[in-house]
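Reviewing the structure listed below.
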Amino acid sequence: MLTLEQVKEKSSKRLAGLHPVVLAAAVALIERSYARGVNIVITQGLRTIEEQDALYAQGRTKPGPIVTNAKGGTSYHNYGLAIDFALLLPNGSSVSWDLNRDGDGDGTKDWTEVVQEAKALGFEWGGDFVSIKDAPHFQITFGLKISQLRAGQKPTETAMAKASAKIDKYMEVEEEMTAQEKKDFEAMQVLIKAQAEVTLELTNRITELETAAKLPEIPKWALPACEAAKAAGLLDTTANGSYDFYRMITVMDRTGLFKKGDK
Numbered sequence: 001m002l003t004l005e006q007v008k009e010k011s012s013k014r015l016a017g018l019h020p021v022v023l024a025a026a027v028a029l030i031e032r033s034y035a036r037g038v039n040i041v042i043t044q045g046l047r048t049i050e051e052q053d054a055l056y057a058q059g060r061t062k063p064g065p066i067v068t069n070a071k072g073g074t075s076y077h078n079y080g081l082a083i084d085f086a087l088l089l090p091n092g093s094s095v096s097w098d099l100n101r102d103g104d105g106d107g108t109k110d111w112t113e114v115v116q117e118a119k120a121l122g123f124e125w126g127g128d129f130v131s132i133k134d135a136p137h138f139q140i141t142f143g144l145k146i147s148q149l150r151a152g153q154k155p156t157e158t159a160m161a162k163a164s165a166k167i168d169k170y171m172e173v174e175e176e177m178t179a180q181e182k183k184d185f186e187a188m189q190v191l192i193k194a195q196a197e198v199t200l201e202l203t204n205r206i207t208e209l210e211t212a213a214k215l216p217e218i219p220k221w222a223l224p225a226c227e228a229a230k231a232a233g234l235l236d237t238t239a240n241g242s243y244d245f246y247r248m249i250t251v252m253d254r255t256g257l258f259k260k261g262d263k
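First residue of the sequence shown? That's 1 in UniProt numbering, and the numbers climb one at a time after it.
This is the structure we're talking about:
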């Protein structure tokens, strides 16, 4: 199983150049997905205008399917405000874009779990786009349109503070839940230990009572019944019995159960 640090290392190069708030959200997304049993890798972060133009040409002037309607300078990737991701498979080297995969077997699609975490952190999801659905895509726009970004406008301090606060608040809540779960687990351990001690005490007490109930010798009134039981081959020994044991043997003898020839 990959550690969280190993999973994060897979995305380190693609995180370079992202807006600081988007970077924080991306790292938090990796961590929160990992906590839910889903490993992801960031496959795209900052994309240069040249790279965007090359991607736009795919399916148009170059081979391959059309994957974007955005020319260079018209994608949030070009401003470090967007990321793309894929599911990181258990071998740590292969990835998947299978939207129906449930690798952790919890009944919820892995992709859905990642989207849930991303939205909670403040990302917009490309799967909600009206024109071309872009399932691997997440973005934080700070309320800015592409035209504003192309004109050189930057996210305001207020917008950045609001986005950062959303990330921090969500991560704090998750950490508190984890701490509470840990507290509950520790309380359960104390309870189990206490129950084990009570069980041991009761077991020892029962053993003591059983030992104390044994009579040092067979009562005279029970001797005939005990001899009859041994003669009938129903008992190997009648020693060390309790009062109730000898009483039961005597009653059985009186009913004729130990008479030879009886079936």
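Glycine included, each C-beta is placed from N, C-alpha and C at the ideal position.
- Counting only runs of 3+ residues, the beta strand (DSSP E) found wholly inside the region 96-145 occupies 137-139, in chain order.
- The shortest CA-to-CA distance from residue 108 to any of 139, 38 and 234 is the one to 38.
- Under the DSSP assignment, residue 70 falls outside any beta strand (DSSP E); it carries neither an H nor an E label.
- Annotation note: the region 212-250 contains the following uninterrupted alpha helix (DSSP H) runs of length 4 or greater, listed N- to C-terminal: 223-231.
- One alpha carbon belongs to residue 72, the other to residue 3, and they sit about 37 Å apart.
- Assigned with DSSP and collapsed to three states, residue 82 falls in strand.
- Under DSSP, the beta-bridge partners assigned to residue 42 are 85.
- In the DSSP secondary-structure assignment, residue 58 is bridged to 62.
- By the neighbour-count definition (other C-beta atoms within 10 Å, threshold 16), residue 253 is a buried residue.
- In the structure shown, residue 204 falls within a helical segment according to DSSP collapsed to helix, strand and coil.
- For residue 32, same chain residues with a beta-carbon under 6 Å away, outside a window of 5 residues either side, are 117 in chain order.
- Approximately 15 Å separates the beta-carbon atoms of residue 49 and residue 58; this is outside 8 Å, ruling out the contact.
- Residue 55 and residue 148 have their alpha carbons spaced roughly 22 Å apart.
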